[in-house]
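Which chain is which? The protein sequence lines are A and G, in order.
0 is the number of the first residue of the first sequence in numbering that gives the first Met the number 0; add one for each residue after it.
0 is the number of the first residue of the second sequence in numbering that gives the first Met the number 0; add one for each residue after it.
Just so it is clear, CB atoms sit at the ideal spot from N, CA and C, and this is done for glycine as well.
Everything below concerns the one structure shown next.
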Amino acid sequence: MALLQITEPGQSTAPHQHRLAAGIDLGTTNSLVATVRSGRADTLSDADGHHLLPSIVRYRSEAAAIVGREAMAAGVDDPLNTIMSVKRLMGRGIDDVKHIGNRLPYEFVAGESGMPRIHTAAGDVSPVEVSAEILKVLRDRAERTLGGELAGVVITVPAYFDDAQRQATKDAAQLAGLRVLRLLNEPTAAAVAYGLDRSSDGVIAVYDLGGGTFDVSILRLNKGVFEVLATAGDTALGGDDMDRAIARWIMAQAGISDDADHRQLRRLLRDACRAKEALTGQELVPLKIELADGSHWEGELSRQQLNELIDPLIRKTINPCRRALRDAGVSAQDVHAVVMVGGSTRVPRVRERVGDFFKQEPLVEINPDKVVAIGAALQADILAGNKPADEMLLLDVIPLSLGVETMGGLVEKIIPRNTTIPVARAQEFTTFKDGQTAMALHVCQGERELVSDCRSLAHFELRGIPPMTAGAGRVRVTFQVDADGMLSVTAREETSGVESSIAVKPSYGLTDREIETMLRDSIDHARDDMQARRLREQQVEADRVLEALHAALSEDGAVFLGPDEREPIEHAARQLAAARQGDDPRAIKQAMEQLEQASADYVTRRMNANIRKAMAGHKIEDFE
Amino acid sequence: MSNGLSDNYFELFGLAPRYRIDKNALEERYRAFQHRVHPDRYASASDQARRVAMQQAAQINEAYRVLRDPIARARYLLEQRGHVFQDQQQTHQDPEFLMEQIELREALAEVRSQDDPLQSMADLMERIDQRVASITEDVARLLDRDHAEPAADAVAAVQRMQFLRRLSDEASELEVELQEELGDF
Numbered sequence: 000m001a002l003l004q005i006t007e008p009g010q011s012t013a014p015h016q017h018r019l020a021a022g023i024d025l026g027t028t029n030s031l032v033a034t035v036r037s038g039r040a041d042t043l044s045d046a047d048g049h050h051l052l053p054s055i056v057r058y059r060s061e062a063a064a065i066v067g068r069e070a071m072a073a074g075v076d077d078p079l080n081t082i083m084s085v086k087r088l089m090g091r092g093i094d095d096v097k098h099i100g101n102r103l104p105y106e107f108v109a110g111e112s113g114m115p116r117i118h119t120a121a122g123d124v125s126p127v128e129v130s131a132e133i134l135k136v137l138r139d140r141a142e143r144t145l146g147g148e149l150a151g152v153v154i155t156v157p158a159y160f161d162d163a164q165r166q167a168t169k170d171a172a173q174l175a176g177l178r179v180l181r182l183l184n185e186p187t188a189a190a191v192a193y194g195l196d197r198s199s200d201g202v203i204a205v206y207d208l209g210g211g212t213f214d215v216s217i218l219r220l221n222k223g224v225f226e227v228l229a230t231a232g233d234t235a236l237g238g239d240d241m242d243r244a245i246a247r248w249i250m251a252q253a254g255i256s257d258d259a260d261h262r263q264l265r266r267l268l269r270d271a272c273r274a275k276e277a278l279t280g281q282e283l284v285p286l287k288i289e290l291a292d293g294s295h296w297e298g299e300l301s302r303q304q305l306n307e308l309i310d311p312l313i314r315k316t317i318n319p320c321r322r323a324l325r326d327a328g329v330s331a332q333d334v335h336a337v338v339m340v341g342g343s344t345r346v347p348r349v350r351e352r353v354g355d356f357f358k359q360e361p362l363v364e365i366n367p368d369k370v371v372a373i374g375a376a377l378q379a380d381i382l383a384g385n386k387p388a389d390e391m392l393l394l395d396v397i398p399l400s401l402g403v404e405t406m407g408g409l410v411e412k413i414i415p416r417n418t419t420i421p422v423a424r425a426q427e428f429t430t431f432k433d434g435q436t437a438m439a440l441h442v443c444q445g446e447r448e449l450v451s452d453c454r455s456l457a458h459f460e461l462r463g464i465p466p467m468t469a470g471a472g473r474v475r476v477t478f479q480v481d482a483d484g485m486l487s488v489t490a491r492e493e494t495s496g497v498e499s500s501i502a503v504k505p506s507y508g509l510t511d512r513e514i515e516t517m518l519r520d521s522i523d524h525a526r527d528d529m530q531a532r533r534l535r536e537q538q539v540e541a542d543r544v545l546e547a548l549h550a551a552l553s554e555d556g557a558v559f560l561g562p563d564e565r566e567p568i569e570h571a572a573r574q575l576a577a578a579r580q581g582d583d584p585r586a587i588k589q590a591m592e593q594l595e596q597a598s599a600d601y602v603t604r605r606m607n608a609n610i611r612k613a614m615a616g617h618k619i620e621d622f623e
Numbered sequence: 000m001s002n003g004l005s006d007n008y009f010e011l012f013g014l015a016p017r018y019r020i021d022k023n024a025l026e027e028r029y030r031a032f033q034h035r036v037h038p039d040r041y042a043s044a045s046d047q048a049r050r051v052a053m054q055q056a057a058q059i060n061e062a063y064r065v066l067r068d069p070i071a072r073a074r075y076l077l078e079q080r081g082h083v084f085q086d087q088q089q090t091h092q093d094p095e096f097l098m099e100q101i102e103l104r105e106a107l108a109e110v111r112s113q114d115d116p117l118q119s120m121a122d123l124m125e126r127i128d129q130r131v132a133s134i135t136e137d138v139a140r141l142l143d144r145d146h147a148e149p150a151a152d153a154v155a156a157v158q159r160m161q162f163l164r165r166l167s168d169e170a171s172e173l174e175v176e177l178q179e180e181l182g183d184f
């Protein structure tokens, strides 16, 4: 209930101690954590000085999971228990996973609610649990480095992540004991890292070419408001494709047949990747390839040749750039800064071609692997209240259209893609049968016309419609998407007022029971630790609430509250202060809820006054 | 209203309910609103404050979207004045306009087979843009007349805008396709 902290533009929030916050880039291949210290954002390293944490988790029977480099090293010998690229599985259903899973060696089993689980030596684990293991390591790293508990984190997600993938990411954070201040789109984070939010107004393009995915976003900066105008991309295009193109070329040169064994192919890909990296700094790289019979083939790869090999791939990234520009309603000439993200943007040819397309030198000064985490840290610092927020505001869009299934398996779009969030939009549907008393709603996300081509997010039903003739029942369906891109849907029959509202739990999200089980499991591992942590969390929260309340009351309590109205709030506050001294986190939580209830009207009045202030001081045209 | 905001989008942004609006004032007001109500301002706030902030931000986003978009704004004004749009039923359009539409669509269909498709595409886009500009001018004139009834001529003009919007969307889709196939990259 820092509720009551309404920030005047240009002023800082109510005074409080510095809260520890971190930005996390939860990547497909590597993950990073960054924080702002003494005004500077930087990534944090482990004890050995490594900043990048390989996003790899190895499960063992009767022992804790291992994450990162050590897990990667063991991966070769223990592939089935070593989970890589789990980000590709986040928010996916068992059917999707079979499709993606062709390239992954894991044994999948269907979990509750259709979410896939991976069979390992430590039992079946879900992608959410695997991600939580990675997040825990980053959390520990941050807390050890900063010497305290994190008050909250900003976690980045690809701009194209759909609702289910975002929900899965949040679930993983919850499981790792992290409070998510905001999910932030990766390209936005990158632009923030370059301080473009403080530069002059204009249009910014963020080009993000990672190991296995590509996306491009067009942002507009206007007087401190950062608006994502459009995003586009290709979820199966990246540096790995370059390695494959180089490997194929080597095979043709060296006369290696297509049916070479797995081990040799792996070596080839590794050599291809090394050659690509070497050609970042030099014009020619010698190649020495071991053949199946133990002999060697020797040759060389020139940068010129490399460029020819990868040009078709780079061209495939330019098309989404065009689409994003078109969707944003701007042209390449309007773009005043191009930000490069992802390890594959180190390839000189990529920089050159992207520069040609946007007709300017792209920004490459910040390490393209770290830039997203750094931007997330800067935003986390602001959201945690350590910095006057007025400096920057990030307005995101939804990457994919949201709609409902209508007759004939077609999708009716209710919120089109690239709409600024948060957003609420309603659409009316009529009953189609005489005496119809229920209406089933199937919520979908995607750009295609057919339901079968879109991602299914949720099914739900509005019951209790009074029997009417067909077409007489009018059902108003309202979609609401919050600032994290999370969706909730309500349905209301207009003539009778029958209402059904659900927070859309994505079809492939976790059921509450699954979350509970997982939380219990993790508590079993470290019960005391967890209990103590919860208590401290609630105490910190209670302090914050009380601090904000008292600040608010002394500021304008007399304005918004009558004498009779003030006492119940003060009473609830005293109760909370008492509970805070105890050691029961649930009692503190309850007291906070009661205080929240007691001050509900007060909060609303303050918020409304806040809005009126935004109106004031502007020239208002005369009404005619 | 529980979220403290006016239901009327023009009123919300302190603008007169006219088609021609001060776009700078609209943008400036929008930013001022967002600075106050965006949910990021309430990242550490209570659930209730976050909910109110989100509702306010959502309503402001929706109002801004409608007022900023030339067609959505025209439709909104007409609806405010009592017109009920029924999109299945198109009003009668004059034959001259329909002929022109057919001709533009034919031109679009033939772009691909021209000697220089990218150039003829660019020429056609310019033609469409000019038509959009002139019809927008019509709409503004018809909607901002002294008497503010939902006159049939204004409704028809708005529908002409919608025709052209669809054509323009298809054209820019084709333009991107052509650039992908034939562009320098």
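Any C-beta of chain G under 7 Å from that of residue 422(A): Counting from 1 along the first sequence, the entry for residue 422(A) is found at position 423. It does; some Cβ of chain G falls within 7 Å.
Candidates 477(A), 22(A), 402(A), of which the one nearest residue 152(A) by Cα: Here the question's residue 152(A) lines up with position 153 in the first sequence. If we check each option's Cα against that of residue 152(A), 22(A) comes out closest.
Beta-carbon contacts of residue 142(A) that lie in its chain and below 7 Å, excluding the five residues immediately before and after: For the purposes of this step, residue 142(A) is taken as the residue at position 143 of the first sequence. Hits under 7 Å: 148, 149.
Coil, strand or helix - residue 367(A) by DSSP: Stepping through the first sequence from its first residue, residue 367(A) is reached at position 368. If DSSP states are grouped into helix, strand and coil, residue 367(A) belongs with coil.
Segment limits, beta strand (DSSP E) that includes residue 29(G): Along the second sequence, read from residue 1 onward, the residue named residue 29(G) stands at position 30. Note, residue 29(G): premise wrong, no beta strand (DSSP E); alpha helix (DSSP H) at 22 to 36.
Residue 257(A) classed as buried or exposed, judged by whether at least 16 other C-beta atoms fall within 10 angstroms: In the first sequence, residue 257(A) corresponds to position 258, counting from 1. Per the 10 Å Cβ criterion, exposed.
Straight-line gap, residue 94(G) to residue 101(G) (C-alpha atoms, nearest Å): Translated into the one-based positions of the second sequence, residue 94(G) becomes position 95. Translated into the one-based positions of the second sequence, residue 101(G) becomes position 102. Looking at the two C-alpha atoms, the distance is approximately 10 Å.
Residue-level contact to chain A via CB, residue 84(G), 7 Å cutoff: Taking the first residue of the second sequence as 1, we reach residue 84(G) at position 85. It does not: the Cβ of residue 84(G) has no partner Cβ on chain A nearer than 7 Å.
One or two residues paired with residue 426(A) in a DSSP bridge: By one-based count along the first sequence, residue 426(A) stands at place 427. 476(A).
Where residue 171(G) meets chain A, residues with beta-carbon distance less than 9 Å: Within the second sequence, the letter at position 172 stands for residue 171(G). Here the neighbours are 325.
Residue-chain proximity (residue 202(A), chain G), Cβ-Cβ < 7 Å: Counting from 1 along the first sequence, the entry for residue 202(A) is found at position 203. Not closer than 7 Å to any Cβ of chain G, the Cβ of residue 202(A) fails to qualify, so no.
Below-7 Å beta-carbon distance, residue 607(A) vs any chain G residue: Position 608 of the first sequence, counting from 1, holds the residue named residue 607(A). Chain G, which has a Cβ nearer than 7 Å to the Cβ of residue 607(A), makes this yes.
Touching by the beta-carbon criterion (3+ pairs, under 8 Å), the region 361 to 371 of chain A and the region 123 to 138 of chain A: no
Positions along the region 248 to 281 of chain A whose CB lies within less than 9 Å of some CB in chain G: none
DSSP state of residue 392(A) mapped onto helix, strand, coil: Taking the first sequence and counting its residues from 1, one reaches residue 392(A) at position 393. Reduced to three states, the DSSP call for residue 392(A) is strand.
Sheet register partners of residue 145(G) (DSSP bridge): Start at 1 with the first residue of the second sequence, and residue 145(G) comes out as number 146. Answer is none; residue 145(G) lacks a bridge partner.
Contact under 7 Å by Cβ, residue 419(A) with residue 23(G): Residue 419(A) sits at position 420 when you count from the first residue of the first sequence. Residue 23(G) sits at position 24 when you count from the first residue of the second sequence. Contact: no.
At least 3 beta-carbon pairs within less than 8 Å: the region 33 to 43 of chain G vs the region 122 to 137 of chain G: no
Proximal chain A residues relative to residue 117(G), where beta-carbon distance stays under 8 Å: In the second sequence, residue 117(G) corresponds to position 118, counting from 1. Within 8 Å Cβ-Cβ: nothing; residue 117(G) doesn't reach chain A, min ~12 Å.
The region 160 to 170 of chain A in contact with the region 287 to 295 of chain A per 3-pair CB rule at 8 Å: no
Bridge-paired residues (DSSP) for residue 295(A): For the purposes of this step, residue 295(A) is identified with residue 296 of the first sequence, where counting begins at 1. 289(A).
Where the beta strand (DSSP E) through residue 455(A) begins and ends: For the purposes of this step, residue 455(A) is identified with residue 456 of the first sequence, where counting begins at 1. Element bounds for residue 455(A): 454 to 461.
Residue 481(A): contacting residues in chain G (beta-carbon distance under 8 Å): The sequence position of residue 481(A) within the first sequence is 482, counting from 1. Chain G residues near residue 481(A): 38, 53.
Same chain, Cβ closer than 6 Å to residue 32(G), neighbours up to 5 away in sequence not counted: By one-based count along the second sequence, residue 32(G) stands at place 33. Cβ within range, chain order: 59.
Residue-chain proximity (residue 412(A), chain G), Cβ-Cβ < 7 Å: Here residue 412(A) is taken as the residue at index 413 of the first sequence, counted from 1. No - not a single Cβ of chain G is within 7 Å of the one on residue 412(A).
Cα-Cα separation, residue 380(A) to residue 20(A): Stepping through the first sequence from its first residue, residue 380(A) is reached at position 381. Stepping through the first sequence from its first residue, residue 20(A) is reached at position 21. Distance between the alpha carbons of residue 380(A) and residue 20(A) is about 6 Å.
Check whether residue 238(A) and residue 210(A) have beta carbons under 7 Å apart: Residue 238(A) sits at position 239 when you count from the first residue of the first sequence. Residue 210(A) sits at position 211 when you count from the first residue of the first sequence. Yes, the Cβ-Cβ distance between residue 238(A) and residue 210(A) is below 7 Å.
Inter-residue CB distance, residue 268(A) and residue 302(A) (contact presumed, cutoff 8 Å): For the purposes of this step, residue 268(A) is taken as the residue at position 269 of the first sequence. For the purposes of this step, residue 302(A) is taken as the residue at position 303 of the first sequence. No, residue 268(A) and residue 302(A) are not in contact; Cβ-Cβ is about 20 Å, not under 8 Å.
Listed by chain order, chain B residues near residue 178(G) by CB distance under 7 Å: In the displayed structure, chain B is absent; the protein chains listed are A and G.
Residue 339(A) - containing beta strand (DSSP E), residue span: As a working mapping, residue 339(A) is identified with position 340 in the first sequence. Per DSSP, residue 339(A) belongs to the beta strand (DSSP E) from 334 to 340.
Any chain G beta carbon closer than 7 Å to residue 318(A): The residue labelled residue 318(A) in the question sits at position 319 within the first sequence. At least one chain G Cβ lies under 7 Å of residue 318(A).
Cutoff 6 Å; reference residue 586(A); Cβ partners in own chain excluding five residues on either side: Looking up residue 586(A) in the first sequence gives position 587. Cβ within range, chain order: 578.
Members of the region 465 to 481 of chain A that neighbour chain G once the beta carbon cut-off is set at 7 Å: 479, 481
8 Å contact criterion, which residue 424(A) and residue 357(A) should meet: CB distance rounded: For the purposes of this step, residue 424(A) is identified with residue 425 of the first sequence, where counting begins at 1. For the purposes of this step, residue 357(A) is identified with residue 358 of the first sequence, where counting begins at 1. With 8 Å as the limit, residue 424(A) and residue 357(A) do not qualify as a contact, their Cβ atoms being about 33 Å apart.
Rounded C-alpha distance that separates residue 510(A) from residue 399(A): The residue you call residue 510(A) lines up with position 511 of the first sequence. The residue you call residue 399(A) lines up with position 400 of the first sequence. Bear in mind that a pLDDT of 49 at residue 510(A), under 50, signals an unreliable position, so the model cannot answer this.
Span of the beta strand (DSSP E) around residue 201(A): Mapped onto the first sequence, residue 201(A) falls at position 202. First-last of the beta strand (DSSP E) with residue 201(A): 201 to 208.
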